[in-house]
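Below: one structure, written as structure tokens.
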Amino acid sequence: MSASRHPALSATDPELASFVAAEETLQAETLRLIPSENYVSAAVLEASGTVLQNKYSEGYPGRRYYEGQQNIDRVEALAVERAKGLFGVDHANVQPYSGSPANLAVYLAFAKPGDTVMGMALPMGGHLTHGWGVSATGSWFRGVQYGVRPGTGLIDYDAVRDQALAERPKIIFCGGTALPRTIDFAAFASIAEEAGSVLVADVAHIAGLIAGGAHPSPAGHVDVISTTTHKTLRGPRGAMLMCREEHAKAIDKAVFPGLQGGPHNQTTAGIAVALHEAAQPAFVSYAHAVVANAKALAQALLERGFDLVSGGTDNHLILIDLTGKDVPGKVAAKALDRAGIVVNYNTVPFDTRKPFDPSGIRIGTPSLTSRGLSTEHMPQVAEWIARAVDAAAKADESALAVVRAEVTALMSAFPAPGLPLS
Ligand code: DSN
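Residues 53 to 474 in the working numbering are what the sequence shown spells out, letter by letter.
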């Protein structure tokens, strides 16, 4: 990090400053394919690092437990209004610290410990907080889980309906962390209505696509929308809960005082800026480009013999099943990292391997799209992935080094938002 970029930090704590500088270089030089990550703009970075964090603000705009909230109230009210406008919802709460606390607040609002809740199984593409056993949501509640069809990798909505009618869960979650296909919110809504369940769409991964019109919106179909703000939406690390007016009080009460203390006002400011950016025409282009890039990358991977869960993608995410490649996901992910391509290892549906050493890798296109890469670059990206996976199988470190040099060269031509030019 140059002293002129963060002069106070460099002067006060050069050791810590050097770690930040190294991370800036890493994010600038590598091809970041983790589908839940992105690059925030310089404006979002600035808003997230302001004196707003010096304040405690328990409560909501106009109803605080601390004085001196004149400016904080305006910041939070602006974020709320922007969220409501962007997502077309009656009510928004922008205070959850992140996705897991947001989902916990939903449980607090609508269920009691021991109640049955239903969500997609984690190894099928769901999330820990959708009732998976090792999470508080799967031990304090009775979590029942649905999955995808063997063979197609697609959600079997008839099976979900049968299960929901048999179990009558208090809450049904749709959405997840490794779902490459469009979620049919209307189908989930009709299932939840029949089962008498509160329906929650966890759109953390696809919130930016929804905002940009590149994925159907759950608004009007579901009771509550839960989302983080830092994935495709390209805001700071935070979360929001949005709902119909009838649930507004229950959601607000669950977030504060039910679960959290003071909101992170500096994050609220960053969220407000990100929502403003997401309402611009350029964001619509970005959201559609994310999907176009993912489809082009999926096609290029298929042409190179990769097996993709569900055969491709409708959104920002691709789940590669490496079972046929004789390279487990973790080995491939670590080799790709050495080649300058950052991914995460991931279970695939019906995985026979353990979550800490699974068969797949999960990749996505939000970050590379934010840097301006387009569909014409995707065959190159697929070729690098193929070469790195091949090199991993042969333990060929020099081949990985060659890929890394090529990756760094391309990325230097696409400056990352929010980062200094290298
Ligand atoms: N950690 C997030 C992801 O990578 O999808 C989910 O919480």
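Just so it is clear, CB atoms sit at the ideal spot from N, CA and C, and this is done for glycine as well.
Computed from a predicted model, the values in this text were never measured in an experiment.
Alpha-carbon spacing of residue i relative to residue j, whole angstroms
i	j	result
A99	Y338	22 Å
M53	Q79	Model confidence at M53 stands at a pLDDT of 46, short of 50, so the residue's coordinates are unreliable and nothing is read from them.
R405	Y112	46 Å
E355	K347	12 Å
V400	G171	17 Å
L353	P66	43 Å
A74	A157	36 Å
R296	T421	33 Å
I235	S62	46 Å
A384	S150	29 Å
L388	L85	10 Å
L452	L285	32 Å
G248	E219	10 Å
P418	L369	9 Å
A173	K301	30 Å
N345	R456	21 Å
S88	L261	12 Å
V250	F162	8 Å
G9	P380	Residue 9 is absent from the structure shown; the chain starts at 53 and stops at 474.
G183	E76	36 Å
L425	V336	16 Å
P469	E110	33 Å
K283	A350	20 Å
A144	A135	6 Å
A326	F466	21 Å
DSSP-derived helix/strand/coil call for residue i
i	result
Y108	coil
L174	helix
M53	At M53 the pLDDT is 46, less than 50, meaning the model places this residue with poor confidence and gives no usable figure here.
G470	coil
G195	strand
R201	coil
H182	helix
L85	coil
F71	helix
L251	strand
T460	helix
L425	coil
A244	helix
A163	coil
Y338	helix
H299	helix
Cβ pair residue i, residue j closer than 8 Å
i	j	result
A330	A263	yes
F225	V186	no
T427	P232	no
N398	R423	no
A131	A324	yes
V394	L83	yes
H340	A266	yes
V307	K222	no
V146	E133	no
V96	P288	yes
I437	G412	no
I303	L293	yes
K382	D409	yes
G190	G228	no
is_contact[residue i, chain B] using C-beta, thresh 8 Å
i	result
E245	No chain B is present in this structure, which holds just one protein chain.
Environment of residue i [buried if 16+ CB atoms lie within 10 Å]
i	result
L68	exposed
T102	exposed
S362	buried
P165	exposed
T281	buried
A230	buried
S464	exposed
K386	exposed
Q122	exposed
G114	exposed
D210	exposed
P59	exposed
Y118	exposed
P270	buried
query: Does the region 125 to 144 touch the region 209 to 228, meaning 3 or more C-beta pairs lie closer than 8 Å?
result: no
- request: Taking 8 Å as the threshold, find out whether the region 234 to 253 comes into contact with the region 306 to 321 through three or more Cβ pairs.
  value: no
- prompt: Is the region 460 to 467 touching the region 442 to 452, taking contact as three or more C-beta pairs under 8 Å?
  reply: no
field: Contact the region 271 to 281 vs the region 198 to 210: 3+ CB pairs below 8 Å
entry: no
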